[in-house]
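Engineer:
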Amino acid sequence: MNSQFTPGVVPKRLSTEDLSHNFDDLHAPLVVHEAAVAADRCYFCHDAPCVTACPTDIDIPLFIRQISTGTPEAAAKTIFDMNILGGMCARVCPTEDLCEQACVRELAEGKPVEIGRLQRFATDTLMKSGVHPFNRADPTGKRVAVVGAGPAGLSCAHRLALLGHDVTVYDARPKAGGLNEYGIAAYKSTDDFAAREVDWLMSIGGIAIETGKALGDALSLDAISAEFDAVFLGVGLGGVNAMGIAGDDLAGVSDAVSFIEDLRQASDLSALPVGRNVVVIGGGMTAVDAAVQSKLLGAEQVTIAYRRGREAMSASRYEQDLAASHGVKLMFNVKPNAVHGNGAAAEIELEYTQVTDGKLTGTGETMRIAADQVFRAIGQTLTMDGGLALEGRKIAVTDAGRTSRHGVWAGGDCSSGGDDLTVTAVAEGRDAAMDIHATLTGDV
Amino acid sequence: MADLTTEFLGIKSPNPFWLASAPPTDKEYNVRRAFEAGWGGVVWKTLGSEGPPVVNVNGPRYGVVHGADRRVLGLNNIELITDRDLFVNLEEIKRVKADYPDRAIIVSLMVPCEEDAWKAILPLVEETGADGIELNFGCPHGMAERGMGAAVGQVPEYIEMVTRWCKQYYSKPVIVKLTPNITDICQPAAAAMRGGADAVSLINTINSIISVDLDQMAPVPTIAGKGSHGGYCGPAVKPIAMHMVSEIARSPETAGLPMSGIGGITTWRDAAEYIALGCGNVQVCTAAMTYGFKVVQEMISGLEQWMDEKGHTSIDDFMGSAIPNVVDWQHLDLNYVAKASINQDDCISCGRCYAACEDTSHQAIAMSADRKFSVIDAECVACNLCVEVCPVENCITMVEQQPGTTDPRTGKVVVDTYANWTTHPNNPSATAAE
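Going down the list, the protein sequences come from chains G and H.
Under my numbering, the residue at position 150 of the first sequence is numbered 150, and the numbers go up by one with no gaps.
Under my numbering, the residue at position 373 of the second sequence is numbered 373, and the numbers go up by one with no gaps.
1) Identify every run of the alpha helix (DSSP H) within the stretch 102-148 of chain G, keeping only runs that are complete inside it and at least 4 residues long; order them along the chain.
2) Counting only C-beta atoms, is A199/H closer than 8 Å to chain G at any point?
3) Which full runs of the alpha helix (DSSP H) of 4+ residues lie inside the stretch 295-371 of chain G, going along the chain?
4) Going by C-alpha to C-alpha distance, which of D213/H, W329/H, N181/H and A197/H sits closest to N207/H?
5) By alpha-carbon positions, which one of G130/G, T123/G, G362/G and L322/G ends up nearest to M82/G?
6) Would S361/H count as contacting chain G if we go by Cβ distances under 8 Å?
7) If we call anything under 8 Å between Cβ atoms a contact, is R308/G one with G282/G?
8) Using only alpha-carbon positions, find the residue among A150/H, V392/H and V42/H that is nearest to M110/H.
9) Please state whether DSSP places H406/G in a helix, a strand or coil.
10) As a quick exercise: from N325/H, L122/H, L19/H and N77/H, pick the residue whose alpha carbon is nearest that of L90/H.
11) Under 9 Å Cβ-Cβ, which residues of chain G neighbour D69/H?
12) Assess, as a yes-or-no matter, whether the stretch 405-413 of chain G is touched by the stretch 151-165 of chain G under the definition of 3 or more beta carbon pairs within less than 8 Å.
13) With the cut-off set at 8 Å, would you say S49/H and E134/H are in Cβ contact?
14) Can you pull the chain H neighbours of Y182/G, defined as C-beta to C-beta under 8 Å?
15) Am I right that T425/G and G234/G are in contact with their C-beta atoms under 8 Å? What's the rounded C-beta distance?
16) Spatial neighbours of S321/H within its chain, please: CB distance less than 6 Å, with the 5 preceding and 5 following residues excluded, ordered by chain position.
17) By a C-beta neighbour count over all protein chains shown, 10 Å radius and 16 as the cutoff for buried, is L390/G buried or exposed?
18) Counting pairs of beta carbons, one from the stretch 12-24 of chain G and one from the stretch 261-271 of chain G, are three or more of them closer than 8 Å?
19) Reducing DSSP to helix, strand and coil, say where D407/H ends up.
20) Could you tell me whether the Cβ atoms of G239/G and T422/G are closer together than 8 Å?
21) So, helix, strand or coil for A338/H, using DSSP?
22) Going by Cα to Cα distance, which pick from R352/H, C380/H, H229/H and D333/H is closest to E145/H?
23) By the three-class DSSP mapping on this structure, what secondary structure does C113/H have?
24) Taking only the alpha-carbon atoms, compute the straight-line gap between G212/G and A266/G and give it to the nearest angstrom.
25) Of all Cβ atoms in chain G, is any one closer than 8 Å to the Cβ of R352/H?
26) CA-CA distance, F17/H and T179/H?
27) Since L502/G and A137/G are thought to touch, with beta carbons under 8 Å apart, how far apart are those beta carbons, to the nearest angstrom?
28) Give me the residue from I93/H, E114/H, S251/H and Y29/H with the minimum Cα distance to L104/H.
29) Roughly how many angstroms separate the alpha carbons of V92/G and K12/G, rounded to a whole number?
30) Please list the terminal residues of the continuous alpha helix (DSSP H) segment that includes R376/G.
31) Could you name the residues of the stretch 93-119 of chain G whose beta carbon sits closer than 7 Å to any beta carbon of chain H, in the order they occur along the chain?
32) From what residue to what residue does the beta strand (DSSP E) around Y232/H run?
33) How would you write the range of the beta strand (DSSP E) that W44/H sits in, first residue to last?
34) I need the DSSP call for H66/H, collapsed to helix, strand or coil.
35) Is A322/H close to chain G? Criterion is C-beta to C-beta, closer than 8 Å.
36) Pull up the DSSP beta-bridge partners for W18/H, would you.
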């Protein structure tokens, strides 16, 4: 048994009991009475700002009222009508930046209606009942390929299946779910929720999933375009940006997404090694997820080093506070210059930054802090090359998700529209499905 | 410093808060606890004639209308009068009164409508040293079917007759408790007066079915698959009770008749409102059954604080003060004009005022693209709906339009003279102003 103070990257820093406690639900689910009280706080606003703030346009006042009148199943139906992954979004959405930030009670008293937790209450209730609340339309005879079984792909596939199309989903990984399965913090998706949600979503019928099939190898865009009536790409961002500094290749330096993936797929958390002194480079949700989970695994010191100021950090203030409350140190305006160590990382050299003429530069003032494990969390990039027009470094799409290639739609993180959020991906997948449907049935 | 001491019908109590005749006052144990907690008096739960007492159901007696977080808004009960032996009750009353001479103890009574029955029980009550009696003519369930309770209270002649017997065979104050399950509360009140009643207390509970169990398809509370109507009380009935109190206070026949106010009194403010409408004291039940006897301490401190703030030194100072301002609709000033006004600094942009006005009222609130809400004076009739649905207190207010200004809705200049419906040109039976 190791401890928090054992040097190096080692497993078993905490007892199994502590680990199981640490990785339990971040927010306990609401019980029936709590949900009734929380729901009663909703003012049922006219043209509610929370709905406007929701990328999937869920009718939030309606579903909350349905909870308050004792029909959480109807509430869930209201949610799933717009967002079939409403269960996961209830867990991972940065509600503090979306619906709850827009809630008039946030303005009134700094305490919004707990929309996320209420959404979870409703969706959990219905999903627990084992009922799938949708029935497929009559078969259209059309076949659509969806590449990528993440939030965008699953959302698109479900909507297409609902409308009567037959869908085949391809995914490079052994399991469906995308970042829901591999990419988010474990305490946001307990009890294998991501996998259960996929099973529940699939129970509508008409969706076949083929895992272990990545675009590019045996599966070309030309081939599937020829075989299917339409193609939707929800391939995400497969590549991790490099730091390009000395020592980047030392043992102990790795991608935060790989760490999170290993953690999510681990059957025994105590077998997972973690450093004593962990430094995460980056400022997004992935950085926070990696940092907090390192701490929960038993790292003694965890630092997030971000090259700009707090206000520029893409992780929400809520996520920053979450990290801080777990004992993660947040350092701003520092960039990594080098990782030092003899074969394995031991220290990281950071340099303070400043912005001059809109350009970020080092000030020359440097420091070294202990770092036996360094995680890169400085963004991901599109790795697919299908000859599609790009916008920036992503696939260019119209509002309806159409790419530059006829018959090919795209959505989620790989496409140019919207933020890289689960809920945005769900909306884009859904909207592309509606456009595909309209196209295939000649409604446009 | 406000003095809460009251002398209702000559009966002194340290404060105007009495516990109503109900489960909390059924026996010595409870009443002693109530007095220790600070209650000014109790009306002992209704006694019946000598002999085998009534029996209650052995299933649930209560049902509740809940607000959010299980707040009790209305309570329904099907409990009967005391199911304990008459003499046990009488001995307990005597003991408690001896130990608490400064508190009021009134004995509630309900015996058959026969002179002998009252002649038999009244001397026994007299012996206990209790301060007075209250005639239960209001109990709406169980007893009414036996020709007592509300069955008497709904027939003014019976009220008068029984009250007269009581005044004949009992020397202390007689209070007649009125049922609200009638059309005109002044009729039974006047009958009580004619019979010589010293006061009336009101209201007793309202006939009610609190809810229907949609699985059992039966009223709640459900006993072996069946339910019966009960008596409704608690905060929900206060508006109904206060209207009845005000009617008695305003009716020329009954004006001045001492009243003990009952119905949904939960806070000091509720009590102050009843007293302002002419009640000499108040009786409480549901609040005590919900929160326990300690709740009286808030009522006492709150009433004291408010009286001090207003400069009232005694209950008499403001008793009945609101009565002159209760008028019939036809006497309301039709020349008074107000408009809603939204304080933009307080507005949280929920849009409830807009939805309410646009969908169900006068389309007098405008909504901008950036969710700013403003009143359209040319449409606003000052109905107050927006004020009441706004979640932020005092964000929307009704602003009186000054004489000399023009009401953009009617195009008429606001005048400071009084005019009501009785003289309005649209009133077919208007009497022309001379």
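Yeah, the Cβ is synthetic: ideal placement off N, Cα and C, and Gly gets one too.
Quick caveat, the model's predicted, so the values are computed rather than measured.
Structural biologist: According to the structure data:
1) Look at the stretch 102-148 of chain G and you find these whole runs of alpha helix (DSSP H), each 4 residues long or longer: 104-109 and 115-128.
2) no
3) 317-325
4) N181/H
5) T123/G
6) no
7) no
8) If you compare the alpha carbons of A150/H, V392/H and V42/H with that of M110/H, the shortest gap goes to A150/H.
9) coil
10) L122/H
11) H33, A36, V37 and D40
12) With a cut-off of 8 Å, the stretch 405-413 of chain G and the stretch 151-165 of chain G count as touching, because enough Cβ pairs lie within range.
13) no
14) Within chain H, no residue comes near Y182/G; the closest Cβ sits about 40 Å away, beyond 8 Å.
15) Looking at the sequence shown, residue 425/G is not Thr but Ala. Indeed, because the Cβ distance is near 7 Å, the residues count as touching under 8 Å.
16) A276
17) exposed
18) They touch, by the three-pair rule.
19) strand
20) No, these two residues do not count as a Cβ contact at 8 Å.
21) strand
22) H229/H
23) It is coil, neither helix nor strand.
24) Approximately 19 Å between the Cα atoms of the pair.
25) yes
26) Straight through space, the alpha carbons of T179/H and F17/H are spaced by roughly 21 Å.
27) As displayed, chain G neither begins before 1 nor continues past 444, which places residue 502/G out of reach and without an answer.
28) It should be pointed out that residue 104/H corresponds to Ala in this sequence rather than to Leu. Measuring from the Cα of A104/H, the nearest candidate turns out to be I93/H.
29) 28 Å
30) First-last for R376/G: Q373 to A377, but that is the beta strand (DSSP E), not the alpha helix (DSSP H).
31) V104, L107 and A108
32) First-last of the beta strand (DSSP E) with Y232/H: G230 to C233.
33) G41 to L47
34) strand
35) no
36) DSSP output for W18/H lists G41/H and Q283/H as bridge partner(s).
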